[in-house]
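Residue numbers (this note's numbering), protein chains in the order written: chain A, 1 to 212; chain B, 1 to 212. Okay, so here's the structure we're looking at.
2 protein chains.
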Amino acid sequence: MDKLRFNIAISLDGYVAGPSQSEENPIGIGGMKLHEWLLPLASFRQTHGGHGGEVNASTQVVEEWFENIGATIMGRNMFGPVRGPWGENLWRGWWGEDPPFHNPVFVLTHHPREQLEMDGGTTFHFITDGIEAALEGAREAAGGADISLAGGSSVARQYLGAGLVDEMELSIVPLLLGSGERLLDDVCDLELEQLRVVEAPGVTHLKYRVAR
Amino acid sequence: MDKLRFNIAISLDGYVAGPSQSEENPIGIGGMKLHEWLLPLASFRQTHGGHGGEVNASTQVVEEWFENIGATIMGRNMFGPVRGPWGENLWRGWWGEDPPFHNPVFVLTHHPREQLEMDGGTTFHFITDGIEAALEGAREAAGGADISLAGGSSVARQYLGAGLVDEMELSIVPLLLGSGERLLDDVCDLELEQLRVVEAPGVTHLKYRVAR
Numbered sequence: 001m002d003k004l005r006f007n008i009a010i011s012l013d014g015y016v017a018g019p020s021q022s023e024e025n026p027i028g029i030g031g032m033k034l035h036e037w038l039l040p041l042a043s044f045r046q047t048h049g050g051h052g053g054e055v056n057a058s059t060q061v062v063e064e065w066f067e068n069i070g071a072t073i074m075g076r077n078m079f080g081p082v083r084g085p086w087g088e089n090l091w092r093g094w095w096g097e098d099p100p101f102h103n104p105v106f107v108l109t110h111h112p113r114e115q116l117e118m119d120g121g122t123t124f125h126f127i128t129d130g131i132e133a134a135l136e137g138a139r140e141a142a143g144g145a146d147i148s149l150a151g152g153s154s155v156a157r158q159y160l161g162a163g164l165v166d167e168m169e170l171s172i173v174p175l176l177l178g179s180g181e182r183l184l185d186d187v188c189d190l191e192l193e194q195l196r197v198v199e200a201p202g203v204t205h206l207k208y209r210v211a212r
Numbered sequence: 001m002d003k004l005r006f007n008i009a010i011s012l013d014g015y016v017a018g019p020s021q022s023e024e025n026p027i028g029i030g031g032m033k034l035h036e037w038l039l040p041l042a043s044f045r046q047t048h049g050g051h052g053g054e055v056n057a058s059t060q061v062v063e064e065w066f067e068n069i070g071a072t073i074m075g076r077n078m079f080g081p082v083r084g085p086w087g088e089n090l091w092r093g094w095w096g097e098d099p100p101f102h103n104p105v106f107v108l109t110h111h112p113r114e115q116l117e118m119d120g121g122t123t124f125h126f127i128t129d130g131i132e133a134a135l136e137g138a139r140e141a142a143g144g145a146d147i148s149l150a151g152g153s154s155v156a157r158q159y160l161g162a163g164l165v166d167e168m169e170l171s172i173v174p175l176l177l178g179s180g181e182r183l184l185d186d187v188c189d190l191e192l193e194q195l196r197v198v199e200a201p202g203v204t205h206l207k208y209r210v211a212r
């Protein structure tokens, strides 16, 4: 059975973004500290067009994020900074002409738009009829493979709250942000089963099966 | 150098007690679920006068809580349900005549009281001049061994906020409580260093060095 999988870096006090999110600080003040363990990894750099980098206990975890994924779902704010109607100079994503997804990406938005074919197998589909329609489209496109819920956190919270996420991996960073955006507020009534724990430099990865 | 050590069970969404704490529900509605992994353990039962029980990956963690501890600090609400002045029928703790501490226990309170000697090496000292005085007394009594900060969470938050805790172990339970008492709110400006991670049935133990 295909699964909807979600992973995110989170501070020990539960924040996935710092306070005062803006175009300059898309994950808020201090939010980049949540990713300091990730950026130097070879397995992360390679999927984003880079070279070199470190190999450590996080490597296997990060590689698994990209394995057996047949489609991706994301919120519009993760796709780009444009708000409201798409306008004339159409935004093509943060990732250049060859985005790191290499599969159909379903972007949740209130503003319709033609699909956008990129290099390397990534096609952006713009879905205006809600999270369940996006999941249905992604499931069909994935053809039995899993679906990656790429974020951002408000979309992730909607899927979690609707009981649609099957697996969630939290990368817990030893850091207190003190304020900002919390992942797990108001998504109660989920049953969690601990699947796997990986201790790595500067982070611990906790993977759970999620049910309602 | 002796250390002030603290451990607590916490839900994945950051709560150490459920909502509506009362005398009947001292850790709030649903709060007992935070301890379901602990109560069956042989190493827990033995320190509380019981027999038998399970041995699993949590065993080593729980045994370490009691190792090299020379004194204990706790809040008054952890010592007992009495509020206000101590009255005439003096409360002697939740634990019977042979409490599981076997060392001097410094109870923080606003109401002075004579020290109380129990069986098995536990003596309760009632400290009315604040958390730093209690720590000083505990440190002296411990004679170079570590000091256990036994809770509850409001006292723990005071010590964390004052930068006085040296090591903290969070036992993260795969559970969302949704509301209640959070441990890590308003204790910002702490530096955490990940020391050790133990994956065990129904819980993951994350141990951190704490500095300011």
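Glycine included, C-beta positions come from ideal geometry on N, C-alpha and C.
Simplified DSSP state of A/L41, which is helix, strand or coil: In the first sequence, residue 41 of chain A corresponds to position 41, counting from 1. Three-state result, A/L41: strand.
May I ask which residues mark the beginning and end of the alpha helix (DSSP H) holding B/R139? Along the second sequence, read from residue 1 onward, the residue named residue 139 of chain B stands at position 139. I131 to A142 is the extent of the alpha helix (DSSP H) around B/R139.
_Suppose contacts are defined by Cβ-Cβ distances below 7 Å. Is A/W37 in contact with A/G143 by that definition?_
One-based indexing of the first sequence puts residue 37 of chain A at position 37. One-based indexing of the first sequence puts residue 143 of chain A at position 143. Against a cut-off of 7 Å, the Cβ pair of A/G143 and A/W37 comes out as no contact.
Note to self: Let me check understanding here. Comparing Cα to Cα, which of B/G93, B/E54, B/M78 and B/E88 lies closest to B/R200?
What the structure shows: The sequence position of residue 200 of chain B within the second sequence is 200, counting from 1. In the sequence as displayed, the identity of residue 200 of chain B is Ala instead of Arg. The shortest C-alpha separation from B/A200 is found at B/E54.
request  = Return yes when the Cβ of A/I73 is within less than 7 Å of the Cβ of A/F44, no when it is not.
outcome  = Sequence index remark: in the first sequence, residue 44 of chain A carries index 44 (1-based). Sequence index remark: in the first sequence, residue 73 of chain A carries index 73 (1-based). No, the pair does not count as a contact, with Cβ atoms beyond the cut-off.
_Distance cut-off 6 Å: B/A9 Cβ against heavy atoms of the ligand ADP_ = Summarising the ligand content, the structure contains no ligands, and the ligand ADP is consequently not present.
Original post:
beta strand (DSSP E) containing A/T59: first to last residue?
Top reply: In the first sequence, counting from the first residue as 1, residue 59 of chain A sits at position 59. First-last for A/T59: S58 to W65, but that is the alpha helix (DSSP H), not the beta strand (DSSP E).
| said: In the DSSP assignment, the beta strand (DSSP E) including A/N7 goes from what residue to what residue? | reply: Within the first sequence, the letter at position 7 stands for residue 7 of chain A. Residues L4 to S11.
Between A/S179 and B/D185, what straight-line distance do the alpha-carbon atoms span, to the nearest angstrom? Locating residue 179 of chain A in the first sequence gives position 179, where the first residue counts as 1. Locating residue 185 of chain B in the second sequence gives position 185, where the first residue counts as 1. Whole-angstrom Cα-Cα distance: 9 Å.
Enumerate in chain order the residues of its own chain whose CB-to-CB distance from A/Q21 is below 6 Å, with the five nearest sequence positions on each side excluded.
Counting from 1 along the first sequence, the entry for residue 21 of chain A is found at position 21. Residues of the same chain with a CB within less than 6 Å of the CB of A/Q21, apart from the 5 flanking positions on each side, are G28 in chain order.
Enclosing beta strand (DSSP E) for A/L149 [first to last residue] = Indexing the first sequence from 1 puts residue 149 of chain A at position 149. Per DSSP, the continuous beta strand (DSSP E) segment holding A/L149 begins and ends at D146 to G151.
field: chain A contacts from the segment 174-198 of chain B (Cβ-Cβ distance under 9 Å)
entry: Residues P174, L175, L176, L177, G178, S179, R182, L183, L184, D185, D186, V187, C188, D189, L190, E191, L192, E193, Q194, R196, V197 and V198.
Less than 7 Å between the beta carbons of A/V16 and A/S153, yes or no? Here residue 16 of chain A refers to the residue found at position 16 when the first sequence is read from its first residue. Here residue 153 of chain A refers to the residue found at position 153 when the first sequence is read from its first residue. For A/V16 and A/S153, yes; Cβs fall inside 7 Å.
If you follow the beta strand (DSSP E) that B/M74 is in, where does it begin and where does it stop? By one-based count along the second sequence, residue 74 of chain B stands at place 74. Here the beta strand (DSSP E) through B/M74 covers I69 to G75.
Practice problem: My understanding is that B/L192 touches B/L12, with C-beta atoms under 8 Å, so please give their C-beta distance in whole angstroms. | Solution: Position 192 of the second sequence holds residue 192 of chain B. Position 12 of the second sequence holds residue 12 of chain B. The C-beta separation of B/L192 from B/L12 comes to about 17 Å, leaving the pair out of contact by the 8 Å criterion.
- Query: Taking the beta strand (DSSP E) that A/L206 falls in, what are its first and last residues?
  - Reply: Numbered from its first residue, the first sequence carries residue 206 of chain A at position 206. Counting along the chain, A/L206 sits inside the beta strand (DSSP E) bounded by residues V203 to A211.
From A/D189, A/E114 and A/H110, residue whose alpha carbon lies closest to that of A/I131
As a first step, residue 131 of chain A is located in the first sequence; it is residue number 131 there, counting from the start. Measuring C-alpha to C-alpha distances from A/I131 to each of A/D189, A/E114 and A/H110 identifies A/H110 as the nearest.
*asked:* Quick check on the DSSP output: what are the complete beta strand (DSSP E) runs of length 3 or more inside the segment 83-114 of chain A, in order along the chain?
replied: Taking only runs of at least 3 residues, the beta strand (DSSP E) segments lying wholly in the segment 83-114 of chain A are 104-108.
Could you check if B/T128 is buried or exposed, using at least 16 other CB atoms within 10 Å of its CB as the buried criterion? One-based indexing of the second sequence puts residue 128 of chain B at position 128. B/T128 is exposed by the Cβ-count criterion.
Quiz item: How would you label B/R196, buried or exposed, when you count the other beta carbons within 10 angstroms and need 16 or more for buried?
Solution: Position 196 of the second sequence, counted from the start, is the residue given in the question as residue 196 of chain B. Classification for B/R196: exposed.
Using CA coordinates, which residue listed in A/L39, A/I8, A/A57 and A/T59 is at the minimum distance from A/G50? Taking the first residue of the first sequence as 1, we reach residue 50 of chain A at position 50. Checked all of A/L39, A/I8, A/A57 and A/T59; the closest Cα to A/G50 is A/L39.
B/L41 versus A/A133 - alpha carbon distance:
Taking the second sequence and counting its residues from 1, one reaches residue 41 of chain B at position 41. Taking the first sequence and counting its residues from 1, one reaches residue 133 of chain A at position 133. C-alpha separation (whole angstroms): 46 Å.
Tell me, to the nearest whole angstrom, how far the beta carbon of A/A138 is from that of A/A71; I am working on the premise that it is less than 8 Å. Here residue 138 of chain A is taken as the residue at index 138 of the first sequence, counted from 1. Here residue 71 of chain A is taken as the residue at index 71 of the first sequence, counted from 1. 4 Å between Cβ atoms; contact.
| Checking contacts by CB at 7 Å: is A/G143 closer than that to chain B? | For the purposes of this step, residue 143 of chain A is taken as the residue at position 143 of the first sequence. Chain B contact via Cβ: absent.
### Query
Quick one, which of B/G151, B/V173, B/I147 and B/V155 has its alpha-carbon nearest B/D166's?
If you number the second sequence from 1, residue 166 of chain B lands on position 166. For B/D166, the nearest C-alpha among the options comes from B/I147.
Run down chain A in chain order and give the residues with a C-beta less than 9 Å from the C-beta of B/T59. Counted from its first residue, the second sequence places residue 59 of chain B at position 59. Under the 9 Å cutoff, chain A gives no residues; its nearest Cβ is about 17 Å from B/T59.
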